[in-house]
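Trainee: Quick one: structure below, then a few questions.
Chains as they are written, first to last, in the working numbering: chain A, 3 to 163; chain Z, 1255 to 1995.
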């Protein structure tokens, strides 16, 4: 094998539709990071064990390292670069700053996407739910108690809305 | 002294926006024209030699550029010192691709470089390597008999004995002999080690590296490849965690640089999570204690003997046995620290190296002794409180540990504790309350900084330090803004670049102290220059004024005694037709003054666990950590550092375990599914208290550093709480449910 086959797909990434020709062995994560230079989505293990690569696929949070780009023709993808409204940060992004819910910042884009995905799911009701349902996103700096505060706030906002 | 416009306030991280918006760029995220991708192949054996490498099939793929190994490497330096870096222990540093020898499991043996990452990864599977295996030694327990004391130290040698510990022990009414053990542990920062090398032409390169000090990578590259300083610029503006793993340049840097120099192309090499287990780790360590106390619980004798893993090629060492002398008053102490050489990669400083280990063993053993003497663990510590550092026989520059006990115990409700193990219960949960105290050295190192104030009022301060999530960007901005009376938005702090003034490695909790002092000094120097400018003007109200008679507030320089006499700093530049004004300093610690004092931060940690009586599952439900860390520059980022330390302590006590299979000679749980670090559900209520502590000795800003004091006493507090809950002393970490059943 000296060349890998390519497929044409259309992805709507952060609101912009893009026609792409992707090699079939390219993960969604590597497509974003290496070819589209959207490096906000992080690689922390490449095995679905850490959650750093979490993004929103059609509104649902997924680990983008565990899926091939070619499988998502026609999908809508929101990465951390597409969360803010122009210069105005999303309330969850702003809350991460307010609560100092990160240190090194490497897991942060995944945590933010995961928080938004969690709210969309509508499953979390209690503090323990939040802790359990955010446990797919590892933070080695140990900002969990601050992250929980962000999620609690976001949950309250969504209930009021 | 500094006033408090910004210092001591919970300013939001100045790099926060970049981090939440995904625009902060880490080492693997920089672009370069025609960037190529390198994938490392790791050795399949633990010890022996490479007989043959057949890269033919890989090289036949279109787009594969080269397969590098010892067979086709660049000419490299001959002497060990060329491979040493700013954190090398004594010995012969590992030389990637140097020859056919395999010294440890997962040793990098080849690098495949291709036009795309996927292609390089695929091609790596096609490289056929034949090995000749040799017997190896990876079984720590069986090698303790061969332990030796290092000939050369880059740590504190074990303090000489004082008193007579053996005699005092034999006479003590309460005697305790115990062993504590913890396994190897890996740093596992979220960002995997990566280097992007941009080929600039004419043998010049720009390197983006994951490192806790760009200057260390530069030194290493210059030494190994014989490059001139001006041909190598290293940057690390953002580091996705490190905890010590980035103190030494790791081998992906070597690989990316070599490939770039050979191919005259830009190259990126990122390690896999599995390969993150192929270099340094916290060494597994066995600690033996003989502790003696009088009938009333007064300490009479401490023997602390340590056996710690190292590699066969470097004598890794850390300060494990200095803690009895720092933390307890005792007249008879004997200490030793020996190394057990194994066929592994050299261990590496990992968050509070030595302290995390020594304080774990000491604080668990002291808890046992307190029980023997019939004392409450906190009462026992108060009884044996050290007023001076027993190792050096000198007083502490400040030590508000009693206040940590008081505030921590009160917040936790310690005084409601029932002493007897298994005496507190809630349904089928056994409740345990444990405590421990700890310390970490407050060091200051030489550091430089420069500052430029522009006529538009913007100030740029810089130093080649790092920010691995610790908050360096933010606190340096605060210190500079404070010193020159500017709003935070007008100050920019730059770091992580070898073109900036020299700074020490970012580690050891000394960055706030060292670089902070340099930032303050350079801003003071700039202030002095501004005063001189004012004084040049005829009839200036500042003409006869000394520097300590002016202050900088609201972007003005003004008289302390009459703030209405003021001039805008930008006006001073304008009057003198200057675009900007600059200063540079090298801040040295006041060594003579400092050497008269033992300088440490202190902590007292109280932990609650709930242990299921039937299943042995353990939950850490509450932790109160009270810290005496000198001046707190930013209570919010400071709190985050301590929270992180608590999470690390939970991991160490209950989860973290790099499992060495002595048959295979390798860590067999080398990923994040099998190596457990705490997740969100593992962390419940954590409270952080900073007690007030003024210290004018440690450095000009009075901050002691917080990166490490937050972890040291957490794991022993949890272990002691588990004893209190269950009546079981588990002396081998991690404390997993099987050990309680």
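Beta carbons are placed, not taken as given, at the ideal position from N, Cα and C, and that holds for glycine.
1) Starting from the beta carbon of residue 1926/Z, find every residue of chain A whose beta carbon is closer than 9 Å, and list them in chain order.
2) When the cut-off is 8 Å and only beta carbons count, does residue 1267/Z lie next to chain A?
3) Can you tell me where the beta strand (DSSP E) with residue 1294/Z in it begins and where it stops?
4) Ordered along the chain, which non-local residues of its own chain (more than five positions away) have a Cβ less than 7 Å from that of residue 1839/Z?
5) Note down, in chain order, each residue of its chain lying with its Cβ closer than 6 Å to the Cβ of residue 1257/Z, except the 5 sequence neighbours on either side.
6) So which residues on chain Z does residue 134/A lean against when the C-beta distance must stay under 8 Å?
7) I need the straight-line Cα distance from residue 1355/Z to residue 1597/Z, nearest angstrom please.
8) Taking the DSSP output, what are the residues bridged to residue 1873/Z?
9) Between the stretch 1521-1531 of chain Z and the stretch 1390-1408 of chain Z, are three or more C-beta pairs nearer than 8 Å?
10) Since residue 32/A meets chain Z, which of its residues come closer than 8 Å, beta carbon to beta carbon?
11) Taking the alpha carbon of residue 1933/Z as the reference point, which residue from 73/A, 53/A, 126/A, 107/A has its own alpha carbon closest?
12) Taking buried to mean at least 16 other C-beta atoms within 10 Å of its own C-beta, is residue 3/A buried or exposed?
13) Where do the N-terminal and C-terminal ends of the beta strand (DSSP E) with residue 1462/Z fall, by residue?
14) Please list the terminal residues of the continuous alpha helix (DSSP H) segment that includes residue 1408/Z.
15) Mapping DSSP to helix, strand and coil, what is residue 1531/Z?
16) Does residue 1527/Z have its Cβ less than 8 Å from a Cβ in chain A?
17) Just curious, the beta strand (DSSP E) that residue 1687/Z is in, first and last residue?
18) Examine chain A for any beta-carbon lying closer than 8 Å to the beta-carbon of residue 1287/Z, and answer yes or no.
19) With DSSP run on the structure shown, which of helix, strand or coil describes residue 1811/Z?
20) Does any residue of chain D bring its CB to less than 8 Å from the CB of residue 1741/Z?
21) How far does the beta strand (DSSP E) with residue 1676/Z in it extend, from its first residue to its last?
22) Where does the unbroken beta strand (DSSP E) through residue 1702/Z begin, and where does it stop?
23) Does residue 3/A come out as helix, strand or coil in the three-state DSSP assignment?
24) Are any of the Cβ atoms in chain A nearer than 8 Å to that of residue 1492/Z?
25) Taking beta-carbon pairs under 8 Å, can you tell me which members of the stretch 1882-1915 of chain Z lie near chain A?
26) Below 8 Å CB to CB, which residues in the same chain sit around residue 1750/Z once its five sequence neighbours on both sides are set aside?
27) From the DSSP output, in three-state form, read off residue 1273/Z for me.
28) With 8 Å as the C-beta to C-beta threshold (strictly closer), list the residues of the stretch 105-126 of chain A near chain Z in chain order.
29) Going by DSSP, what residues sit across from residue 1329/Z in a beta bridge?
30) Residue 1290/Z and residue 1369/Z: beta carbons closer than 8 Å?
31) Can you find a CB in chain A that lies within less than 8 Å of the CB of residue 1604/Z?
32) Using C-beta distances below 6 Å, list every residue in its chain close to residue 1987/Z, excluding the 5 sequence neighbours before and after it, in chain order.
33) Measure the alpha-carbon distance for residue 1630/Z versus residue 1642/Z and round it to whole angstroms.
34) Let me confirm a value: residue 1942/Z is counted as buried when at least 16 other C-beta atoms fall within 10 Å, else exposed. Which label applies?
35) The stretch 1702-1723 of chain Z: which residues have C-beta closer than 7 Å to a C-beta of chain A, in chain order?
36) In chain A, which residues lie with their C-beta within 7 Å of the C-beta of residue 1442/Z?
Mentor: Looking at the coordinates:
1) Indexing the second chain from 1 puts residue 1926/Z at position 672. Chain A residues near residue 1926/Z: 46, 47, 49, 51, 52, 140.
2) For the purposes of this step, residue 1267/Z is taken as the residue at position 13 of the second chain. Yes, because at least one Cβ of chain A sits closer than 8 Å to the Cβ of residue 1267/Z.
3) In the second chain, counting from the first residue as 1, residue 1294/Z sits at position 40. It spans 1290-1296 - the beta strand (DSSP E) in which residue 1294/Z sits, taken as one unbroken run.
4) Position 585 of the second chain, counted from the first residue, corresponds to residue 1839/Z. So the list reads 1702, 1703, 1772, 1775, 1776, 1779, once near-sequence residues are dropped.
5) Position 3 of the second chain, counting from 1, holds the residue named residue 1257/Z. Model confidence at residue 1257/Z stands at a pLDDT of 49, short of 50, so the residue's coordinates are unreliable; what they give is reported in the following sentence. The beta carbon of residue 1257/Z sits closer than 6 Å to no other beta carbon from its chain once the five residues preceding and following it are set aside.
6) Counting from 1 along the first chain, the entry for residue 134/A is found at position 132. The contacting residues are 1934, 1935.
7) To locate residue 1355/Z, count along the second chain from 1; it is residue 101. To locate residue 1597/Z, count along the second chain from 1; it is residue 343. Looking at the two C-alpha atoms, the distance is approximately 12 Å.
8) Position 619 of the second chain, counted from the start, is the residue given in the question as residue 1873/Z. Residue 1873/Z pairs with 1864/Z.
9) Touching, no, given that fewer than three Cβ pairs across the two stretches are closer than 8 Å.
10) As a position in the first chain, residue 32/A is number 30, starting the count at 1. Simply 1371, 1372.
11) As a first step, residue 1933/Z is located in the second chain; it is residue number 679 there, counting from the start. For residue 1933/Z, the closest C-alpha among the options 73/A, 53/A, 126/A, 107/A is that of 53/A.
12) On the first chain, position 1 is the one that residue 3/A refers to. Caution is warranted here: a pLDDT of 46 is assigned to residue 3/A, below 50, making its placement in the model unreliable, and the coordinate value is therefore given only provisionally. An exposed status is given to residue 3/A, since fewer than 16 other beta-carbon atoms sit within 10 Å of its beta-carbon.
13) The residue given as residue 1462/Z occupies position 208 in the second chain. In the DSSP assignment, residue 1462/Z falls within the beta strand (DSSP E) that extends over 1458-1463.
14) Here residue 1408/Z corresponds to residue number 154 of the second chain, with the count starting at 1. Run containing residue 1408/Z: none; DSSP gives neither H nor E here.
15) The sequence position of residue 1531/Z within the second chain is 277, counting from 1. In the displayed model, residue 1531/Z falls within a helix according to three-state DSSP.
16) Residue 1527/Z sits at position 273 when you count from the first residue of the second chain. It does: the Cβ of residue 1527/Z has a partner Cβ on chain A nearer than 8 Å.
17) Numbered from its first residue, the second chain carries residue 1687/Z at position 433. Start and end: 1683-1695.
18) As a first step, residue 1287/Z must be located in the second chain, where it is residue number 33. Answer no: the Cβ-Cβ gap between residue 1287/Z and chain A never drops below 8 Å.
19) The residue labelled residue 1811/Z in the question sits at position 557 within the second chain. Three-state result, residue 1811/Z: strand.
20) Protein chains in the displayed structure are A and Z, and chain D is not among them.
21) Taking the second chain and counting its residues from 1, the one referred to as residue 1676/Z is at position 422. That residue, residue 1676/Z, is in no beta strand (DSSP E); it is neither H nor E in DSSP.
22) Translated into positions along the second chain, residue 1702/Z becomes position 448. Bounds of the beta strand (DSSP E) holding residue 1702/Z are 1701-1708.
23) Sequence index remark: in the first chain, residue 3/A carries index 1 (1-based). Model confidence at residue 3/A stands at a pLDDT of 46, short of 50, so the residue's coordinates are unreliable; what they give is reported in the following sentence. Coil, per DSSP.
24) For this step, residue 1492/Z is matched to residue 238 along the second chain. Chain A has a Cβ within less than 8 Å of the Cβ of residue 1492/Z.
25) From the stretch 1882-1915 of chain Z, only 1890, 1891, 1893, 1894, 1895, 1897, 1898, 1899, 1900, 1901, 1902 have a Cβ closer than 8 Å to chain A.
26) For the purposes of this step, residue 1750/Z is identified with residue 496 of the second chain, where counting begins at 1. Close CB contacts of residue 1750/Z within its chain, under the 8 Å cut and outside five residues either way in sequence, are with 1468, 1489, 1490, 1491, 1492, 1493, 1718, 1719, 1720, 1721 (chain order).
27) Taking the first residue of the second chain as 1, we reach residue 1273/Z at position 19. Looking at residue 1273/Z - three-state DSSP - the assignment turns out to be helix.
28) Answer set for the stretch 105-126 of chain A: 105, 106, 107, 108, 109, 110, 111, 114.
29) On the second chain, residue 1329/Z is found 75 positions in, with the first residue counted as 1. BP columns for residue 1329/Z are empty, so no partner.
30) Position 36 of the second chain, counted from the first residue, corresponds to residue 1290/Z. Position 115 of the second chain, counted from the first residue, corresponds to residue 1369/Z. In contact: residue 1290/Z and residue 1369/Z (Cβ atoms closer than 8 Å).
31) Along the second chain, read from residue 1 onward, the residue named residue 1604/Z stands at position 350. Residue 1604/Z does not count as touching chain A.
32) For this step, residue 1987/Z is matched to residue 733 along the second chain. Within the same chain, residue 1987/Z has close Cβ partners 1436.
33) Within the second chain, residue 1630/Z is the residue found at index 376, counting from 1. Within the second chain, residue 1642/Z is the residue found at index 388, counting from 1. Cα to Cα, residue 1630/Z sits roughly 23 Å from residue 1642/Z.
34) One-based indexing of the second chain puts residue 1942/Z at position 688. Result: buried.
35) Residues passing the 7 Å Cβ filter: 1722, 1723.
36) What you label residue 1442/Z is simply residue 188 of the second chain in a count that begins at 1. Those within 7 Å of residue 1442/Z in chain A are 142.
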